[in-house]
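>
Number of protein chains: 2
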Amino acid sequence: MTDTLSTLQNHRSIRKFTDEPVPQEHLEAYIRAGQAAATSSFIQATTVIQVNAQDQREQMAEWAGNQAYIVSAPVFLVFCADMRRHELVCDMHQAEMLSGFTEQFMTATIDVALFAQNVVVAAEADGLGICYIGGLRNNPDKVSTALELPELVYPVFGLCIGHPDQNPEVKPRLPLSVVLKQDRYEDGADADTIRDYDAAVWHYYETRTGGNKSMTWSEQISGMLKKEARPHMLPFLQQRGFLRR
Amino acid sequence: MTDTLSTLQNHRSIRKFTDEPVPQEHLEAYIRAGQAAATSSFIQATTVIQVNAQDQREQMAEWAGNQAYIVSAPVFLVFCADMRRHELVCDMHQAEMLSGFTEQFMTATIDVALFAQNVVVAAEADGLGICYIGGLRNNPDKVSTALELPELVYPVFGLCIGHPDQNPEVKPRLPLSVVLKQDRYEDGADADTIRDYDAAVWHYYETRTGGNKSMTWSEQISGMLKKEARPHMLPFLQQRGFLRR
Numbered sequence: 017m018t019d020t021l022s023t024l025q026n027h028r029s030i031r032k033f034t035d036e037p038v039p040q041e042h043l044e045a046y047i048r049a050g051q052a053a054a055t056s057s058f059i060q061a062t063t064v065i066q067v068n069a070q071d072q073r074e075q076m077a078e079w080a081g082n083q084a085y086i087v088s089a090p091v092f093l094v095f096c097a098d099m100r101r102h103e104l105v106c107d108m109h110q111a112e113m114l115s116g117f118t119e120q121f122m123t124a125t126i127d128v129a130l131f132a133q134n135v136v137v138a139a140e141a142d143g144l145g146i147c148y149i150g151g152l153r154n155n156p157d158k159v160s161t162a163l164e165l166p167e168l169v170y171p172v173f174g175l176c177i178g179h180p181d182q183n184p185e186v187k188p189r190l191p192l193s194v195v196l197k198q199d200r201y202e203d204g205a206d207a208d209t210i211r212d213y214d215a216a217v218w219h220y221y222e223t224r225t226g227g228n229k230s231m232t233w234s235e236q237i238s239g240m241l242k243k244e245a246r247p248h249m250l251p252f253l254q255q256r257g258f259l260r261r
Numbered sequence: 017m018t019d020t021l022s023t024l025q026n027h028r029s030i031r032k033f034t035d036e037p038v039p040q041e042h043l044e045a046y047i048r049a050g051q052a053a054a055t056s057s058f059i060q061a062t063t064v065i066q067v068n069a070q071d072q073r074e075q076m077a078e079w080a081g082n083q084a085y086i087v088s089a090p091v092f093l094v095f096c097a098d099m100r101r102h103e104l105v106c107d108m109h110q111a112e113m114l115s116g117f118t119e120q121f122m123t124a125t126i127d128v129a130l131f132a133q134n135v136v137v138a139a140e141a142d143g144l145g146i147c148y149i150g151g152l153r154n155n156p157d158k159v160s161t162a163l164e165l166p167e168l169v170y171p172v173f174g175l176c177i178g179h180p181d182q183n184p185e186v187k188p189r190l191p192l193s194v195v196l197k198q199d200r201y202e203d204g205a206d207a208d209t210i211r212d213y214d215a216a217v218w219h220y221y222e223t224r225t226g227g228n229k230s231m232t233w234s235e236q237i238s239g240m241l242k243k244e245a246r247p248h249m250l251p252f253l254q255q256r257g258f259l260r261r
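Going down the list, the protein sequences come from chains A and B.
In this text, residue positions in the first sequence follow the numbering used here: the first is 17, and each later residue adds one.
In this text, residue positions in the second sequence follow the numbering used here: the first is 17, and each later residue adds one.
1. Who are the Cβ neighbours of G50 (chain B) in its own chain at under 6 angstroms, not counting the five residues just before and after it?
2. Can you list, in chain order, the stretches of the beta strand (DSSP E) that have 3 or more residues and sit fully within the stretch 72-157 of chain B?
3. Based on Cα-Cα distance, which residue from A:T62, A:T20, A:D199, A:P39 lies nearest to Y201 (chain B)?
4. At a CB-CB cut-off below 7 angstroms, which residues of chain A make contact with H102 (chain B)?
5. Name the DSSP bridge partner or partners of G178 (chain B)?
6. Hey, out of B:G151, B:L104, B:G178, whose CA is closest to D35 (chain B)'s CA?
7. Once the 5 residues before and after I149 (chain B) are set aside, which same chain residues still bring their CB inside 7 angstroms of it?
8. Could you confirm whether any beta carbon from chain A is found closer than 8 angstroms to the beta carbon of M108 (chain B)?
9. Starting from T232 (chain B), follow the beta strand (DSSP E) in both directions and report where the run begins and ends.
10. With distances taken Cα to Cα, identify the nearest neighbour of L196 (chain B) among A:V94, A:H27, A:T20.
11. Are at least three pairs of beta-carbons, each pair with one atom in the stretch 99-116 of chain A and one in the stretch 234-252 of chain B, less than 8 angstroms apart?
12. Residues of the stretch 147-159 of chain A with a CB closer than 9 angstroms to any CB of chain B: list them in chain order, please.
13. So if I threshold CB-CB distances at 7 angstroms, which residues from the stretch 24-51 of chain B count as touching chain A?
14. Mind pulling the chain A residues with CB within less than 7 angstroms of A262 (chain B)?
15. Do T23 (chain A) and V137 (chain A) have their CB atoms nearer than 8 angstroms?
16. So, at 6 angstroms on beta carbons, what are the nonlocal neighbours of I65 (chain A) in its own chain, with the 5 sequence-adjacent residues on each side left out?
17. Please name the residues in the stretch 221-234 of chain B whose beta-carbon is closer than 9 angstroms to at least one beta-carbon of chain A, in chain order.
18. How many Å lie between K32 (chain B) and M76 (chain B) at the Cα?
19. Is the Cβ-Cβ distance between S56 (chain A) and T123 (chain A) less than 8 angstroms?
20. Rounded C-beta distance between L190 (chain A) and Q60 (chain B)? I'm assuming under 8 angstroms.
21. Please report the distance separating the alpha-carbon of N68 (chain B) from that of S88 (chain B).
22. Which term fits H219 (chain B), buried or exposed, when burial requires 16 or more other beta carbons within 10 angstroms of its beta carbon?
23. Return the first residue and the last residue of the alpha helix (DSSP H) that I47 (chain B) is part of.
24. Rank A:Y46, A:Q70, A:A141 by C-alpha distance to the C-alpha of T20 (chain B) and give the top, closest one.
25. Using a Cβ-Cβ distance cut-off of 8 angstroms, determine whether A77 (chain B) contacts chain A.
26. Could you tell me which chain A residues have their CB closer than 7 angstroms to the CB of T62 (chain B), listed as they occur along the chain?
27. Mind pulling the alpha helix (DSSP H) runs of 4 or more residues that sit fully within the stretch 186-261 of chain A?
28. Verify whether the separation of the beta carbon atoms of R28 (chain A) and F117 (chain B) is less than 8 angstroms.
29. Between E167 (chain B) and G257 (chain B), how many whole angstroms is the CB-CB distance? I'm expecting something under 8 angstroms.
30. Is the shortest distance between the beta-carbon of N134 (chain B) and the beta-carbons of chain A less than 8 angstroms?
31. Within the continuous alpha helix (DSSP H) that includes G23 (chain A), where are the two ends?
32. Pick helix, strand or coil for V67 (chain A), following the three-state DSSP scheme.
33. Who are the neighbours of P166 (chain B) on chain A, taking C-beta pairs under 9 angstroms?
34. Under the three-state reduction of DSSP, which class applies to T34 (chain A): helix, strand or coil?
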């Protein structure tokens, strides 16, 4: 097993960091690693905003649903999907950019995710811990205003980076047979496999929380999906110039 | 610099592979590494279809715009965003799943991208080469039918994996100042920086193609963005149960 494979397989979210800073030149190396990820049609649609100001951090922590580690993490980044840059480039060539396509939204969003995951892997290989912050999408309009994001730019997620001050267990994932299929989609055996997996997740929560949280995967997911999922996202994105057609 | 950082920074797409097979147990280790990536609210929305059948490969190569390496690569995977699994899980608990939210589409798509990028990094750390195939989105309906994808599952992209039989240069990326910003979005200097970068990209194409392709980044991007971008995507996705609200 390569060191890299072991880094990848040992990922768990870190929500408590020591005070030890992350040198800016290290962070820049991680960002360069992010840039090196594949980018669809060379689109390079990722912009990262490093948020340093304490008051900004406090606001973001609140908007994300009171996630205090957004304030305490040595580094907090907001990953944005950015097509404003492409509008600039079209202006340079007097070309009229046709924007608002769903495909462009997908390309830009996937670009950000591949970039961010490389940043994560680079940081974890260096012994750091990370936590993605999807909770910024609770209030994407407030985040956009605070960061002065122009039209055609939206915040996809945040990322905390720092030296871990906790050592949580790796969370068990679905059995391979559920996620890797041969030649066609076939899920006839998945319900039974998920029932077995549910027991593993129940055990994970039970031991990790000392019995305070006892929940299976299917309970957790079904409980979440019977509720609305950030219904403001579509109008927000359309207002920012995305997903209009 | 860690080995992992060097793996990340040396990425380039590989479009020509040797005949040497990739052992299935190695591939499964890469997929497990993919599963280990962060997953929003533990959603685990990625399903990978390994496409082995020659006729399927040939069709996909054609649908993706005649990309022959889809046929010749030792491994070809189709990464799907899968919320059918969650419908199954809701059924197990007699919960009514509220589907079709833009946020769910984003969560599932980002999930797939983080997963896939871990697979890529694991494979590249093992000396293999990869090429993402966004071209499957030229014909997402045909790909879905061929792979028997049910509603609430869609093909995000393909991935070729194998031993490299070419050694292309790493493609130059945008200067760091364009992609990493402090505290707020500020692009006043970006146009000038991009003009300098354009020269680097022009040089890359000029030397790589022996003068057959001379193009700057801004030319390439503005040429692409004045055309429609896969206008079938929104109706396709809505028909599959996504992006309805």
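Where is the CB? At the ideal position from N, CA and C, for every residue including glycine.
All values reported here derive from a predicted model rather than from experimental measurement.
This is what the structure gives:
1. F131, N134, V135
2. 91-98, 145-149
3. A:T62
4. I237, L241
5. B:G145
6. B:G178
7. A80, Q83, I86, F173, G174, L175, C176
8. yes
9. Note, T232 (chain B): premise wrong, no beta strand (DSSP E); not H, not E.
10. A:V94
11. yes
12. C147, Y148, G150, R153
13. L24, Q25, H27, S29, E44, A45, I47, R48, A49, Q51
14. This structure gives no information on residue 262 (chain B), because the portion of chain B shown stretches from 17 to 261.
15. yes
16. V94, L163
17. W233, S234
18. 17 angstroms
19. yes
20. 5 angstroms
21. 11 angstroms
22. exposed
23. 40-51
24. A:A141
25. no
26. V195
27. 192-195, 206-224, 233-241, 249-255
28. no
29. 5 angstroms
30. yes
31. Note on residue identity: the sequence assigns Thr, not Gly, to residue 23 (chain A). Note, T23 (chain A): alpha helix (DSSP H), 19-25.
32. coil
33. Y201, D203
34. coil
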